[in-house]
Amino acid sequence: MRALADSVVNNLEDDKAEDIISIDLQGKSSLADMMIIASGRSARHVASIADHLSQTMKEVTGRPVKVEGLPNADWVLLDIGDIIVHLFRPEVRSFYNLEKIWADDSAHGHA
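Sequential numbering from 8 applies to the sequence shown in our numbering.
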């Protein structure tokens, strides 16, 4: 799972996603083992990141990725099995503040 999470983060970085944070959910949630949160500069950028990531992860895992939140693209959720990815426009991300809800010592930012 760590290799897949690293692949997701690398993909997000390649697509110029901003403020990427990984949160380890093992033992906290039955939904997933890892949550990754990132921002796009605009709804178009969020949609582009989501589309590219879903295509790449389908190739990597051999399974279709469940995507919710398109075409509005204020907040897009991608379900990649054990990994959940949330992509936001910055103002929407600060409003919902998922990092604060889920993170304690287990959040890791990526520079």
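Even for Gly, the Cβ is constructed at its ideal location relative to N, Cα and C.
Since M64 and V72 should fall inside the 8 Å C-beta cutoff, what is the C-beta to C-beta distance between them, to a whole number of angstroms?
Stepping through the sequence shown from its first residue, residue 64 is reached at position 57. Stepping through the sequence shown from its first residue, residue 72 is reached at position 65. Confirmed, Cβ separation roughly 5 Å.
Whole angstroms is fine: what's the gap from A118's alpha carbon to D58's?
Here residue 118 corresponds to residue number 111 of the sequence shown, with the count starting at 1. Here residue 58 corresponds to residue number 51 of the sequence shown, with the count starting at 1. With a pLDDT of 49 at A118, under the threshold of 50, the modelled position of this residue cannot be trusted, and the question is left open.
Burial state of L19 (16 or more Cβ within 10 Å)
Within the sequence shown, numbered from 1, the residue matching residue 19 stands at position 12. Buried, by the Cβ-count rule.
For the candidate residues Q33, P97 and K107, whose alpha-carbon lies nearest to that of A50?
As a first step, residue 50 is located in the sequence shown; it is residue number 43 there, counting from the start. When each option's Cα is compared against that of A50, the closest is P97.
Assuming L94 contacts A39 (C-beta within less than 8 Å), just tell me the rounded distance between them.
The count along the sequence shown starts at 1 and reaches residue 94 at position 87. The count along the sequence shown starts at 1 and reaches residue 39 at position 32. At roughly 15 Å, the Cβ-Cβ gap does not stay under 8 Å, so L94 and A39 are not in contact.
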